[in-house]
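Just so you know, our numbering puts 62 at position 59 of the sequence shown, and the rest follows in order with no gaps.
Just so it is clear, CB atoms sit at the ideal spot from N, CA and C, and this is done for glycine as well.
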Amino acid sequence: MKTLLTTTAIILGAVSAQAQTVGFSQIGSESGWRAAETTLTRQQAEERGIDLRFSDAQQRQENQIAAIRSFVAQGVDAILLAPVVATGWDSVLEEAAEAEIPVVLLDRRVDSSDDLYLTAVGSDLVHEGEVAGQWLADEVGDEECRIVELEGTTGSSPAIDRATGFRNAIEGHDNLEIVRSQTGDFTRTGGKEVMESFLQAESGNEICALYAHNDDMALGAIQAINEAGMNPGEDILIVSIDAVPDIFQAIANGDANATVELTPNMAGPAFDALEAYWESGTEPEKFIQTDSALYTQDDDPMAEYEARKDLGY
Ligand code: AHR
Numbered sequence: 004m005k006t007l008l009t010t011t012a013i014i015l016g017a018v019s020a021q022a023q024t025v026g027f028s029q030i031g032s033e034s035g036w037r038a039a040e041t042t043l044t045r046q047q048a049e050e051r052g053i054d055l056r057f058s059d060a061q062q063r064q065e066n067q068i069a070a071i072r073s074f075v076a077q078g079v080d081a082i083l084l085a086p087v088v089a090t091g092w093d094s095v096l097e098e099a100a101e102a103e104i105p106v107v108l109l110d111r112r113v114d115s116s117d118d119l120y121l122t123a124v125g126s127d128l129v130h131e132g133e134v135a136g137q138w139l140a141d142e143v144g145d146e147e148c149r150i151v152e153l154e155g156t157t158g159s160s161p162a163i164d165r166a167t168g169f170r171n172a173i174e175g176h177d178n179l180e181i182v183r184s185q186t187g188d189f190t191r192t193g194g195k196e197v198m199e200s201f202l203q204a205e206s207g208n209e210i211c212a213l214y215a216h217n218d219d220m221a222l223g224a225i226q227a228i229n230e231a232g233m234n235p236g237e238d239i240l241i242v243s244i245d246a247v248p249d250i251f252q253a254i255a256n257g258d259a260n261a262t263v264e265l266t267p268n269m270a271g272p273a274f275d276a277l278e279a280y281w282e283s284g285t286e287p288e289k290f291i292q293t294d295s296a297l298y299t300q301d302d303d304p305m306a307e308y309e310a311r312k313d314l315g316y
């Protein structure tokens, strides 16, 4: 694979004056974060004179596989893939490798061998869950706390790893217990519906905190909690992941408590790596890691909202 990719790089280096063509297989538009990632990828491509061919998979892996095959048939110079789930990619990644087309993974990981892609850009997804869990453990101290969890898309690497990280952080805190856990598929409506069912199932029992694998599900859950006549952020503590503008408004209003940032600018580092590779065959590290900063009510949430509100979320 390395030899194939290096040969490609040398050939592409010789034609680097031409606009490079990059196929982007995006998952869909399930969340505000995903919309911002799409916007920033388009912007980054335009600024760099890259011809971006965009395909929206509408949450279906088979659509992503078909898009990758189509990009291979078109002979693109690289493929960006945000993989909806972690498994089932070997064959199509082998086809791209056979065609000597470098693939860069964005924001989610796959279970395939890392020989089958050039690099992966993203955060440490386990660490994100640990940051969220540690915030909650610190916040509640020794108090008993029954937690409900809204999981991301089943089988996706962020759903798997954010669940693991959160459990790592609360392990050994016997006062913290996850009492319900269900997927809300990373969507606002999913978060609202599942939170409604949690509230109904737990009526009479106190829910002390919600951990949502993304902000959109937390925002849906906030609606459900309000409609149930409770105060989100007070009666039920809320910690989630992404740092989208709307969650900062919710934090500023006291409806949410904390979020862990995932930058939507995955394309910047991805195109930097590809440009170096096209130019000189430079192989990037297999994982280009982005930061996972924690934001709470102490971090001037309205300033954070203002800083993000025009970024395409
Ligand atoms: O893979 C990243 C996750 O996917 C984001 O946290 C979520 O909002 C998105 O849908």
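Can you tell me where the alpha helix (DSSP H) with residue i in it begins and where it stops?
i    : result
Q46  : 35-50
V75  : 64-77
Q300 : That residue, Q300, is in no alpha helix (DSSP H); it is neither H nor E in DSSP.
D93  : 93-101
In whole angstroms, what separates the C-alpha of residue i from that of residue j?
i    : j    : result
S206 : P235 : 16 Å
N208 : R37  : 35 Å
T190 : A215 : 11 Å
T186 : A162 : 9 Å
E33  : L119 : 27 Å
A306 : I82  : 36 Å
T266 : A212 : 25 Å
T6   : E101 : Annotation note: pLDDT 48 at T6 (below 50); position unreliable, no value reported.
Q226 : V197 : 12 Å
A123 : I291 : 6 Å
F27  : S58  : 6 Å
D145 : N178 : 6 Å
A69  : C148 : 46 Å
L195 : L314 : Position check: residue 195 holds Lys in this sequence, whereas Leu was assumed. For K195 and L314, the distance between alpha carbons rounds to 25 Å.
E103 : W92  : 16 Å
G52  : Q46  : 10 Å
S160 : E278 : 27 Å
G257 : Y308 : 14 Å
T41  : E286 : 25 Å
Identify, in the order they occur along the chain, each residue of the same chain with its Cβ nearer than 8 Å to the Cβ of residue i, setting aside the five sequence neighbours on each side.
i    : result
T90  : V113, D114, G158
S19  : Residue placement at S19 is flagged as unreliable, the pLDDT there being 49, under the threshold of 50; a coordinate-derived value is accordingly withheld.
A76  : none
V143 : N178, L179, C211, A212, L240
In its own chain, which residues sit with a C-beta less than 6 Å from the C-beta of residue i, not counting the 5 before and 5 after it?
i    : result
T24  : D54, V79, D80
I181 : I150, E152
K312 : P248
P304 : F251, I254, A255
M233 : none
E264 : A246, A296
Terminal residues of the continuous beta strand (DSSP E) containing residue i?
i    : result
T24  : 24-29
L330 : This structure cannot settle anything about residue 330, because the visible part of the chain is limited to 4 through 316.
D118 : Looking at the DSSP string, D118 is not in any beta strand (DSSP E), and its letter there is neither H nor E.
Give me the Cβ distance between residue i and residue j, rounded to the nearest whole Å; I'm assuming they're in contact under 8 Å.
i    : j    : result
L108 : L84  : 6 Å
L96  : A270 : No, L96 and A270 are not in contact; Cβ-Cβ is about 20 Å, not under 8 Å.
G132 : F169 : 4 Å
S295 : V134 : 6 Å
N260 : T299 : 6 Å
G193 : G223 : 7 Å
CB-CB under 7 Å to residue i, same chain, minus the five flanking residues each way: which ones, in chain order?
i    : result
N66  : A60
N229 : P235
Q62  : I30, G31, E33, V87
Q21  : none
Exercise for the section: At 3 residues or longer, and completely inside the stretch 189-220: list those beta strand (DSSP E) runs for me, N to C. Expected result: The stretch 189-220 contains these whole beta strand (DSSP E) runs: 212-215.
Handout entry: Entirely enclosed beta strand (DSSP E) segments - the stretch 123-183, minimum 3 residues
Key = 148-154
Handout entry: In chain order, each alpha helix (DSSP H) run of at least 4 residues that lies wholly inside the stretch 218-274
Key = 218-230, 248-256
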